[in-house]
Structure formats: structure tokens, C-alpha cells
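Residue numbers (our numbering), protein chains in the order written: chain W, 31 to 349; chain C, 1054 to 1741. The C-beta atom is built at its ideal place from N, Cα and C for all residues, glycine as well. Remember, it's a predicted structure, so these values are computed and weren't measured experimentally. Encoded as C-alpha cells, the structure appears first; notes follow it.
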Amino acid sequence: MNQMRAAAVFSAISANVQLVVRGKPDVVRLAIVALLAEGHLLVEDVPGLGKTTLARCLARSIGGSWSRIQFTPDLLPGDITGVTVYHQKDEQFTFHPGAVFANVVVADEINRGTPKTQAAMLEVMSERHVTVDGVSHEVPSPFLVVATQNPIEMEGTYRLPEAQLDRFLLRLSVGYPDLADEVSIIMNNCTGMDADRLHPVVQIAELVEAINEVRGLFVDGAICEYAARICAATRLHASVRFGASPRGSIALVRAAQALAATAGRSFVTADDIKYVAVPALAHRLVLTAEAELKQRSAADVVAEVLATTPAPTMSAAGR
Amino acid sequence: MKLPVALVVLAATVAGLCFAPVFGVGALLPVIAVVAVVTAVAALLCQSLVSWRPLVVTLAGLLAVVEVLLFPTTVAGLPTLTTLTQLAEGATESWQLTLQSTWPARPEAGLMLFVPLLVVPACVFGLEIVLRLQKPVLALVPSFLVVVLSQLFGALTGLAAVVAALSYVAVAAILFVVTRPSDEHQSAQAFLPAPLVVTAVVVVIGLLVPMPGPAYSLKQDQLVPVSARMTSPLDEVGHRHARPDAPVFSVRPSCDECVPDRWPIVVLDTYDGVTWAPGSRYRRLGTELEPPDLHVPVQRRDAVISLREPETRWLPSQTWPAAVRGADPLVEETEGSLLAESPLRTDVGYGLSWWEPTVGGSLDGFAIDPRRGGLGGIGSPPPGVTELAAGAVKGVRSSFTSALQLERFLRENYRRVDGPGGHSWPQLRRFLLDTKEGTSEQFAAAYVVLARTLGIPARLVVGYRTPERKSGGEYVVHNGDVLVWPEVAVAGVGWVPLDPAGAAPRGAGKDNGLTAATQNARDQLPPAPVDPPVAPGTSAPADAEHQPFPLLTTLITVAALVLAWLAGVPGAKWVRARLRRRQPGSAAVHGAWLEARDRLREHRVRHTAGMTPLEMAAAAAEAGLPATANGMRTLASTMDIAMWSGTAPGPHLGDHAWAAVREVRRGLRQRGLPARVRAAVDPRTLKA
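Set out below in C-alpha cells:
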């Protein structure tokens, strides 16, 4: 079965990452889902919960190139995309690639960069190439941006615009570990087991093959319609000012495809859609001021939509 | 929190208004409304003073009670010691005084204080529960206890019961909705079916099914204790004859047609062979007594009576009193006698209203009515009396005609004399069997005991005749007008006075038809007693009000409905499962999922429209049905393959899915029998 390769890739990366990231199998699974679905990942949580560690572990587990960008207010777009420099000896302008020219780019604390710098990421995340001085430069494939941000500490930060949030396939929260896992994390730290000790377990060629397998996974028409209904319901919800766009529907199905592949399945089920719905849609919703005053979260709204939107029970062909 | 506060107070208000059978809505509403508004406002103003709020709200509620009911005892609205004393007495005694009263009771502070004093704690406890705990069910418990207590006082019936029940349910339903946690996914529409069904059932039962009167009331065992050491008016008759010119009372009727010919003082119903005693079921007279249950038209009459005799306790009345104004007497409901709790002064006057039956034609052939009493014993009659009674009517069966024949027997065979009387058996035996001469009291007493011997309900009444002449616009009744007469109970007409001594010359009273109808019947008496035909429609009252409750029919209907439910619902589910199972291909798998889902829903497993089979399995495990999890997981994987894999389902996939359903059902069998029976007859899952 073709999908066994994607499942094997998932198992290898998952096992490797969990050597360091303890007690968060679902977060790791969704991070790999984003990788297999060719999407970008935004990890959002309070400091110290392992956002950067997760991103670095993911990057370390793949045999390709990876880079890390620490976003700060004085970071310039050229630092990310690269610059063209005049070479006196050759009397030519030479392009020096920036940090985005890697298979996995860890954009740490992305909301500390200025809007101009954040916008520089926009093109490369969606188009997978950068344009410097009128010349386009392709980034290597596969290309995955794993960004982290702290949603609590707002001083000196620039909130990501909705347009850029929409570029991320999934948004994850790591969450606090339970007691046993925290003990395990401490012991790892004492023994020096960190992301730098990880070795690549999947080569780029294998990853590309797995990504192609995911892309060809069968999705029934009723499942697509279910995804579309969920997104439509977010637009009609009373607490939502702007609901999920069709890009959200596509992201939902792509993520569900990858999730099904990690389970070794050759088709997508309604449960796959529901599993990825909150990480795939919540960051695409803009809530009303009243809902925010009531401290309702976008995740609550998506959960409510999932509870009230009838799950498909019959395939499109069987109707 | 304004809305929950208002709803809790409204629930307490509705509960307080459930005392409507006792005081009437008009008397209760202003008092309870003021108390409710004040407590609600006090609660809202004290939201920041959480610790002091119960005390402040209680004091505010009590102050509202004082201002509305006890204002005359205050000084410029400020409570005095008298106010507090009355408040304490109201809390401890008013409920009992109310139970001792006829209903609707007088809307006096001394009687109705306990109702607002119940509403205040119902508001306070309810408000604290809803504000602190946010538990709507618990918050309604205090007001519901008030409802229960009010129904023990006097149950609401008919339309009033329906309105009260629906009002309380509506308030409770709104309270549940507004206090429902916002993170629950069920919409308000999900709660609609149950209240709608309850409403429909309440309306149908309350309005369409004829219900008997309340089976029990705390009132029925509560009577005013009356001292037995009172002089019987019967014993004073001789004394009054000795001083005939002394005025007793005067009557100022509201119209000339309103003057009755007699004024009963006391009805003597019990005879032990020595003394005649009045009834003992005395209550405080409320605002109004209902008209008597008669088959003839009834009119309301009014007159003002002024007492001219000191130390009076027995007040002139009528057979069917309606209301008394200006005095607060006790009333013997079955007899109509009015009794002051303490002797009244000579200058006391009161307004009396009464119900007067209007009779036309002749009472000849009317049946007697033993339901009204009048068979309260005859002691130990001496030998010869029973035979005398039987011979007087020649064995004719008991009827009004036989009562008239007995009256004619005494009139024709006995002679009235003045002098000392006496009404114990030795004196009556001497009168009946030996001398055949007696006083008018002896005639009346002898008539009653002979009638009772024959099974004719009769009673002895002491009262006064209305004098012929008016003086200064009113009739002054003197001792000489005292009269003792027997009355017999006639079906549909009530108590009819007779005159076996021929000693009741007609006064100024206007005949309401009863005297003429009685005279017509006398005139139609045959010379010799014969068994009279019973007038059709008079012997057995057959109006709908007296028809017995169709208990058997109701029970059969209810049993049929229950059987139809118990058998029909499981049968319909069985048919539905068969139809689902017979579907071809992936439809059979789909049917299996629907069947498993419905089976779990019957067992109260949480279900929403968005649930998948895997989520249903998790919900079943949460609901305490882990044994069904394997089956549900198998079903989920089967359904995934059948529906979403894009391949044609194999021939055995349907069987596989239904095998999973059977596994789910086996898991459900581990539940107790009551839960399985309840699930089997639960009709809700029949709805798609």
C-alpha cells in the first residue's frame, strides 16, 4: 500500500522528535501533518513550553538543510531573503541567499519582527520563491516554515496580520506537560539530550515521496462537502466577524489527507476532518468584539460548529 | 443577573398567588406584588454586599409586609411594638385562623399575614441560591414548597389550576434557559418538546377531563372550638313568652320584597332523648358563602339587623347566609347559624346577606333529601312511639307527602296549649301517647323525632317570626314573636319549614313561594295516606355536577394508552431495524450506524448532529457504557471503509456492520433491567 511510506516517514520523524519533546504526541503528529501537507506551522504558546525545541527537533529530523531566524525589531527583510552584493573582483552583482533558503526554516518569535520583515516572509511562504532586485530565486523543496510566537507578552511585538496568519496551514499550542512528562524533560536536560543531539532520520527524497503520496490520497465528495459546510458555518456564526475562507477549506482537507496518511489509510474520514479542524481553522477566524469581551476563543467557536454541523454518513456516490 | 433575580421572585409570587382559593387573587396580588418587588430591588442593590444581602433582603421584605398589611399599627410608617407583636402573632397564628375560616377568607392582616411571610423567605432563599450557586432547580425549591403548602390549604382546580401551573412552569423554564451555561451546545429548541408536552397534558387534563373536588385540605380538620356552656335558645322560649314585649332585634330590609317571614336563631340537629343540641362545626365567616346547591332559582337578599337585647351571642340569620358586614361571627356552614365569639352589646348592628330559594307550583310528590343531614339521632324512644309514627302515615314510604301527612296527623289529633313544656322523651311520650296536649315547642320536637323515626330528615329550628307592623322603617322583633318549628329536607329545594301546631300566624314576610308551594301540597293531600308517585327528575338529581367521576372509563383509557405505548414503541423500533437491515450495499452499513446511534441515544448517551461513530463510542464510554466501545469502533472502521474509501463495499460489509450493532446491543444488555425497559419504551429516538 503506497500510503505505508508516508506512515513510515511519520513514524520515524515522530519517534525521533519525541526523544526530546516529551508527552506531546498529538502536537508532534500535527506538526508532521503540516510537513506532509506542504503547509507551514505556527506554534503559539507562553514561553518555556518547548515551541522552539519542537521546531528545531522537526528541522533536525529531516536530512535537508535548515536555518533558524530569531526575529527582532531590527531584523531587516534582506536578512531573511538575501541581498545582492557588488563583487569588485568580478565586477558583477552576486546574490547572497538569506536564511529562508533552507528546507526547514525556524522563524522564532515571528511577532517580534517589524511588519515589513514579516511581509518579506509572505511571498516565500505562499510562492516558495523570493524576488530580490527584480530576480526571483526558488527556495529548496520541500519548504517548511515553523514559526513560533508568544501570545501573552505583547510589548515590543507586532501582531501578525490576518493575511499572514492565513498562510499557515496549522496553528498549534504546545500546552503544559503533566507531572511525569515534566520529570522526563528535566532528566533529558540533565543528560544533555536536546535538539542538537538529534540526527536526521528521513532523507529529502523520502519526504518528497511521502508528500506526493499524501497529495494523491482519495477524498470522497461528501467529505469535501463536509469541510466546506464547516467553513461556511464559521462565516454564519454569531460570534464571528470574518469566517474561514476557501483557503481554509483547502487547508482543512489537505491536513486531513496528511493525517489519514500518518494513520496508514488511503482515504480521508470525517473524523480526520474533525481532528484537524481546530488547528486548521481557529487562526483564520476573526471574532466579534462582543465575543472577545466574553472571552470566547476561536477554538470554542470551531468546536461549536463541529458539534452542530451534521457529520456525513453517506458517501457522495451512495446518495 | 437581573433576569434570574426577577424570575426567582416571580416564581415566589406565583407560588404566593396559589393561595387564591383561600383569599382570592384580588386580595393577594397587591400584597405579594409589593413584597416581591421590594425583595428583588433590595437583592439587586445589595449585589456587592454578599454577606449582608440575606439579612437586608429579609428586612426589606418584612418592612414591605408591615407597610402593606400593618400600616395602621405603625407611626408614620415606622414599626412599633404593636406592629412587631402583630407580626409575631401573624407568623404563629394567622395560618390557623385562616384554616378555621370559611373561604374566601376575609383579607385581614390577622388572617393573611402568613402568605407574604412565606413569600419573603421563598424570595430570600431562592435569590441566594441563584446568585451564589447559580442552580436554578435548587433556587425554585423554596417557592415550590410554598406551592405545595398552598395546595394543602386548598387545591386549585380547573382553569385557575391550569393558569397557575403553566405560569410557574413558564417562569421555571425561562430561568433554566437564562441560567444555562453558555458552553452547552444544545440550543434552546432542544428544550421545547418537554415543556410543550407538559403544557398540552396540563391543558387537556385541567380543562377537558372532569375532575372531582380536592380530596384533602388542611382546612377540613380545623374548626373553631365553641364552649358547650351556652344556654340553648330552646330553653329560653318559655322565658320569652313570659315577657312578650321586650324587643330582641330590629330588621331594616333593603326592599319590601326582601322580608322573610322567619328569622332562625339556631338549628338544633342533635337529640339524645333529653336535650337538643346545635351543630358544632363552626368556622369564622369569610367574605362570602357560595349559593346553596339547589334545583330552584336562588336570589340574594340583604337586610340590616340591629340587636336590642344585651349579651347576645346567637345572631338572627337565615338558612343560607351569604355574608355578614359589620360583625365577625362564626358560622355553622351546614345549618346557617351565626354565633358571636363573645356576647355583643345592644347597639351592635350588622348587615346580613343571604340566599333565598324561589319556589313555584306545588311540592307535592317531591322526594326527601337525606344528604343534607337531619337524621341526627332520636335517643331511646319509649315503646309505642315508633308504632304511632308508622300509623300516622299508614306505612307510606318517606317523601315530602308523607312528611305533610305526619304534620296533618299532629294537627288533627293533638291540641296546642300554653304552659310549661319540656322536650325530653318522658315529656314527649306523655304528649304523644297520653295527654295529646302540648306546647308549640313540644309539637315541633315531637314532629322531628317522629319524622326521623320514619326516615324523613328533619331538624328543629328556634327563631322569630317577622312582625306584621313596621315601626320607623324597620321591623322590631319582640320576645312574643319567638317561634319553634320543624324543617324537613326536600330534594332540590332545601329545608322546608312546617307547622304541625298550626301556631305560626303569618307576619309581614313576603312569601318566596315556599309557603305557597307547601300549602298547595297540603291541599293536594289525599284523605287517606297513599303511596305517592315520585315526581320525575326530583328524586335523583342528575345534573352533570353530581355525576360521579368516570373513574373506570378514565382508567381503561389510560391503561389502553399505556399498553399502546409499551407495545407500540418497541414494535416500531423493531420494524425500523428490519427496514434498515434490508437496505443494499453501503445503505445497510449506514442503517447499522443509525441503529447503533439510536440504541445508544435511548440509553441517554449524549448525541449531537456533528458526532461520528468514533465520537459516539467515546460518549458511550463517558456515559458508563464501556462495553459498547468495541462494537462502536468496529462499526466506525467498517463505515469508514464502506463510505469513504472510494471502493465498492464488499458483499459482507453490511453483515459486518450489523454484527457490530449486535455487539453494541450485547454491551447494552449489561445495564440493569429498569434502564433497558426505559430505553425500550423511549419514543424519542423514533423521530429521525
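If you draw a straight line from the alpha carbon of threonine 1665 of chain C to that of valine 1256 of chain C, how long is it in whole angstroms?
Taking the straight line from one Cα to the other gives about 40 Å.
So, is histidine 1643 of chain C buried or exposed, given that buried needs 16 or more other C-beta atoms within 10 angstroms?
Histidine 1643 of chain C is buried by the Cβ-count criterion.
For threonine 1591 of chain C, name the three-state secondary structure that DSSP assigns.
With a pLDDT of 46 at threonine 1591 of chain C, under the threshold of 50, the modelled position of that residue is not reliable, and no figure is offered here.
Can you tell me which of the three DSSP states aspartate 1274 of chain C falls into?
Helix, per DSSP.
Entirely within the stretch 33-90 of chain W and at least 4 residues each: give me those alpha helix (DSSP H) ranges in chain order.
Entirely contained in the stretch 33-90 of chain W, the alpha helix (DSSP H) runs reaching 4 residues are, in chain order, 33-47, 55-66.
For methionine 155 of chain W, is the classification buried or exposed, using 16 other Cβ atoms within 10 angstroms of its Cβ as the cut-off for buried?
Buried: at least 16 other Cβ atoms inside 10 Å.
Cα-Cα, which of C:Pro1057, C:Phe1124, C:Val1734, C:Met1165 is closest to proline 1074 of chain C?
Among C:Pro1057, C:Phe1124, C:Val1734, C:Met1165, the Cα nearest to that of proline 1074 of chain C belongs to C:Met1165.
Ends of the alpha helix (DSSP H) at serine 279 of chain W?
Note, serine 279 of chain W: alpha helix (DSSP H), 276-292.
Going by C-alpha distance, which of W:Lys304, W:Phe297, W:Arg295, W:His159 is nearest leucine 373 of chain W?
Residue 373 of chain W is absent from the structure shown; chain W starts at 31 and stops at 349.
Check the Cβ-Cβ distances between threonine 1232 of chain C and every residue of chain W, and say whether any is below 8 Å.
False, the Cβ-Cβ gap to chain W never drops below 8 Å.
Cβ of leucine 1706 of chain C less than 8 Å from any chain W Cβ?
With 8 Å as the cut-off, leucine 1706 of chain C does not count as an interface residue toward chain W.
Just to make sure I have the definition right: I need the residues of chain W whose C-beta is within less than 8 Å of the C-beta of alanine 1662 of chain C. Which are they?
Simply Ala337, Thr338, Thr339, Pro340, Ala341.
Looking only at its chain, what residues have a beta carbon closer than 8 Å to the beta carbon of glutamine 1149 of chain C, apart from the 5 residues adjacent to it on each side?
Excluding sequence neighbours, glutamine 1149 of chain C sits near Gln1275.
Would you mind telling me which residues of chain C sit closer than 7 Å to aspartate 301 of chain W, beta carbon to beta carbon, in chain order?
Going along chain C in sequence order, the residues near aspartate 301 of chain W (Cβ under 7 Å) are Thr1665, Leu1667.
Counting only the same chain and skipping the five closest in sequence on each side, list residues whose C-beta sits under 7 Å from that of lysine 1188 of chain C.
Same-chain partners within the cutoff: Ile1182.
Using the Cα positions of phenylalanine 1419 of chain C and valine 1541 of chain C, report the straight-line distance between them to the nearest angstrom.
Each residue's alpha carbon lies about 11 Å from the other.
Using the beta-carbon of each residue, which ones in chain C are nearer than 9 Å to aspartate 250 of chain W?
The contacting residues are Met1696, Trp1697, Ser1698, Gly1699.
Examine chain C for any beta-carbon lying closer than 8 Å to the beta-carbon of valine 165 of chain W, and answer yes or no.
It does not: the Cβ of valine 165 of chain W has no partner Cβ on chain C nearer than 8 Å.
Rounded to whole angstroms, what is the Cα-Cα separation between alanine 1597 of chain C and proline 1603 of chain C?
Reliability fails at alanine 1597 of chain C, whose pLDDT of 47 lies under 50, so the model's placement of it is uncertain and the value that follows must be treated cautiously. Cα-Cα distance, rounded: 11 Å.
Tryptophan 1329 of chain C and alanine 1554 of chain C - do their beta-carbons sit closer together than 8 Å?
Against a cut-off of 8 Å, the Cβ pair of tryptophan 1329 of chain C and alanine 1554 of chain C comes out as no contact.
Provide the residue(s) that pair with proline 1479 of chain C in DSSP beta bridges, ordered along the chain.
Paired residues: none, contrary to the question.
Is the beta carbon of arginine 1336 of chain C closer than 8 Å to that of valine 1384 of chain C?
Yes, Cβ-Cβ distance for valine 1384 of chain C and arginine 1336 of chain C is below 8 Å.
Leaving out five residues before and five after alanine 19 of chain W in sequence, what residues of the same chain have Cβ atoms less than 7 Å from its Cβ?
This structure cannot settle anything about residue 19 of chain W, because the visible part of chain W is limited to 31 through 349.
DSSP on isoleucine 1431 of chain C, reduced to helix/strand/coil?
Three-state result, isoleucine 1431 of chain C: coil.
Cα separation between serine 1147 of chain C and glutamine 325 of chain W?
Between serine 1147 of chain C and glutamine 325 of chain W, the C-alpha separation is close to 52 Å.
Is it right to say threonine 292 of chain W is buried, meaning 16 or more other beta carbons lie within 10 angstroms of its own, or is it exposed?
Buried is the call here.
Between the stretch 1635-1646 of chain C and chain D, which residues of the former have CB atoms less than 8 Å from a CB of the latter, in chain order?
Given the protein chain composition of this structure (W and C), no chain D is represented.
Can you name, in chain order, every residue of its own chain whose Cβ lies under 6 Å from the Cβ of tyrosine 1748 of chain C, other than the five neighbours on each side?
Within the shown structure, residues of chain C are numbered from 1054 to 1741, placing residue 1748 of chain C beyond reach of any answer.
At what residue ranges does the stretch 141-169 of chain W contain a whole run of the beta strand (DSSP E), taking only runs of 3 or more?
For the stretch 141-169 of chain W, whole beta strand (DSSP E) runs of length 3 or above, ordered along the chain, are 159-162, 165-168.
Fully enclosed by the stretch 1431-1461 of chain C, which alpha helix (DSSP H) runs are 4 residues long or longer?
Qualifying alpha helix (DSSP H) stretches, in chain order: 1438-1446.
Helix, strand or coil for glutamate 1385 of chain C, going by three-state DSSP, please let me know.
Looking at glutamate 1385 of chain C - three-state DSSP - the assignment turns out to be strand.
Check whether the Cβ of aspartate 1693 of chain C lies closer than 8 Å to any Cβ atom in chain W.
Aspartate 1693 of chain C counts as touching chain W.
Terminal residues of the continuous alpha helix (DSSP H) containing glutamine 1204 of chain C?
Here the alpha helix (DSSP H) through glutamine 1204 of chain C covers 1189-1206.
Phenylalanine 272 of chain W touches chain C at which residues, Cβ-Cβ below 8 Å?
Near phenylalanine 272 of chain W there are no residues of chain C at all, since even the closest Cβ is about 22 Å away, more than 8 Å.
Consult DSSP for aspartate 1322 of chain C and reduce its assignment to one of helix, strand or coil.
Aspartate 1322 of chain C falls in the strand class under three-state DSSP.
What residue from W:Arg265, W:Ala290, W:His167 has the CA that sits closest to serine 279 of chain W's CA?
Here the closest residue by C-alpha is W:Arg265.
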